[in-house]
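Count along the sequence shown from 1, then add 14; that gives the number in the numbering used here.
C-beta: ideal position from N, C-alpha, C; glycine also.
Keep in mind it's a predicted model, so treat the numbers as computed, not measured.
Scroll down for the structure; my scribbles are underneath it.
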Amino acid sequence: MITLRYYPYQLNFKYPFAMAAGRRESTPVVYVELEYEGLIGYGEAALPGYLPETQTSVIDFLKKLDTKEFTGLPEIENALDYIFAVAPGNFAAKAAVDMALHDLSGKTLNQPCYTLWNLDKNNCPKTTFTIGIDSPEMILKKLDEAKDFNLLKVKLDGKNDKQIIETIRTATDKSICVDVNQGWKEKEMALDIIYWLKDKGTVFVEQPLNKNRLEDAQWLKEKSPLPLIADEAVQAFDDIEKIKDAYHGINIKLMKCGGLREAMKMIRHAKKLSIKVMLGCMSESSCGVSAAAQLAPLADWTDLDGPLLITNDPFNGITYRNGKIILNDLPGTGVIKIKAGTET
Ligand code: MG
């Protein structure tokens, strides 16, 4: 019999984090634990305020679950089918349970998830370090913290874009990728700045226009000298077909799609369509990010720096070296709880 526990927690940012959707100092999360015969699987639902799910909605979803349905370990397919059938939506809540099930399954078999999937942990691509929108002084300070990373992810919003990039270029010639979070209003202006960004050493642009403007995105894709990556425009598996002509790649996040099983399906489908894969995260602790990182050998880029941007990570998991993710050899998703929560 599997026991389910969960508790809310607040992740605090080192610096207030700004992007086109607004500025915030912390992110609410809910941690999930599934215990079976002395082994505990961990999961996390991260809930940034601009998205519909909240700690209350996650806990309401978890209360609907009957763990008698979680049978058959180490097999978890039936349990995953069950959580997806309990209610529509609730992707962050489902992701938390999916992660905990994968962690528990791996622990039962005493193997890391990446080994169970036959992935080579030495094949992780470059990972980015995120620079939020800020004053030139703060951007320079954050660049200093990014010194071990050779790919910078720079948030832009159409207001001081050139000033932000010029500020970075006074300090470093590292490669940049840009995340606009739907912040550019006109496709012609977007194309102009993409050409300018290419000259400044940018490797790709994430979500340049509003997620619903697929015709404009397709126009931009046909002319853009840089790959365009869909983030807000792709939530889950079914969205890939809708956007495949409008973007060169997709940013897959466990919180958007509902966990590792769905993310794996999305990666396989994207590869079939020759769509580039970026593996991203919300502001999450090592719990969620280490789960996502189990898939890193399948990605073209990873954006999994969540734990580096917070001050009170209650978990240990992946580490970072020379701009790459280092997956540990621990079973499951490789997470260790280092700080007790108040379990419900
Ligand atoms: Mg993004």
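- The beta carbon of Gly-337 sits no closer than 7 Å to any heavy atom of ligand 1.
- At least 8 Å separates the beta-carbon of Gly-302 from that of Glu-67.
- Around Glu-39, the same chain offers Asn-26, Phe-27, Pro-30 and Phe-31 as residues with beta carbons nearer than 8 Å, after the five sequence neighbours per side are excluded.
- Distance between Thr-316 and Leu-268, taken at the CA atoms: about 13 Å.
- For Ala-244, the CB contacts under 6 Å within the same chain, skipping 5 residues up- and downstream, are Ile-257, Tyr-261 and Ile-264 in chain order.
- Contact between Leu-154 and Thr-181 holds, since their C-beta atoms are separated by about 7 Å, short of 8 Å.
- With 16 or more neighbouring CB atoms inside 10 Å of its own CB, Tyr-20 falls in the buried class.
- As for any beta strand (DSSP E) of minimum length 3 sitting wholly inside the region 282-352, the runs are 290-294, 315-317, 333-335 and 338-340, ordered along the chain.
- Rounded to whole angstroms, the separation of the alpha carbons of Ile-350 and Ile-332 is 10 Å.
- Beta-carbon to beta-carbon, Leu-274 and Gln-308 are separated by about 7 Å, close enough to satisfy the 8 Å threshold.
- Annotation for Gly-346 indicates a beta carbon at 7 Å or more from all heavy atoms of ligand 1.
- Beta-carbon to beta-carbon, Gln-196 and Ala-34 are separated by about 6 Å, close enough to satisfy the 8 Å threshold.
- Within 7 Å of the C-beta of Asp-175 there is not a single heavy atom belonging to ligand 1.
- In this structure, Ile-90 sits away from Val-44, with a CB-CB distance that is not shorter than 8 Å.
- According to the DSSP assignment, Cys-191 belongs to no alpha helix (DSSP H) but to the beta strand (DSSP E) extending over 189-193.
- Taking a C-beta distance under 8 Å as the contact criterion, Ile-289 and Pro-328 do not qualify as a contact pair.
- Annotation: the continuous alpha helix (DSSP H) that includes Ile-208 extends over 201-213.
- Of all residues, those with a beta-carbon under 6 Å from at least one heavy atom of ligand 1 are Asp-193, Asn-195, Glu-220, Gln-221, Asp-245 and Asn-265, reported in chain order.
- When the five nearest sequence neighbours on each side are left out, the beta carbons in the same chain lying within less than 8 Å of the beta carbon of Leu-240 are those of Ile-208, Leu-211, Lys-212, Thr-216, Val-217, Phe-218 and Val-219, in order along the chain.
- Beta-bridge pairing by DSSP links Ser-40 to Asn-26.
- The C-beta distance from Thr-141 to Cys-191 rounds to 11 Å, too long to fall under 8 Å, and the pair is not in contact.
- Between Ser-300 and Asn-330, the C-beta spacing is below 8 Å.
- Between Lys-270 and His-283, the alpha-carbon positions lie close to 16 Å from each other.
- If you look at Thr-181, you'll find it isn't in any beta strand (DSSP E); it sits in the alpha helix (DSSP H) that goes 175-185.
- Counting along the chain, the unbroken beta strand (DSSP E) around Glu-58 starts and ends at 53-60.
- Taking a C-beta distance under 8 Å as the contact criterion, Leu-118 and Tyr-50 qualify as a contact pair.
- In terms of Cβ geometry, Leu-123 and Leu-48 do not form a close pair [threshold 8 Å].
- Approximately 6 Å separates the beta-carbon atoms of Thr-186 and Leu-157; this is inside 8 Å, confirming the contact.
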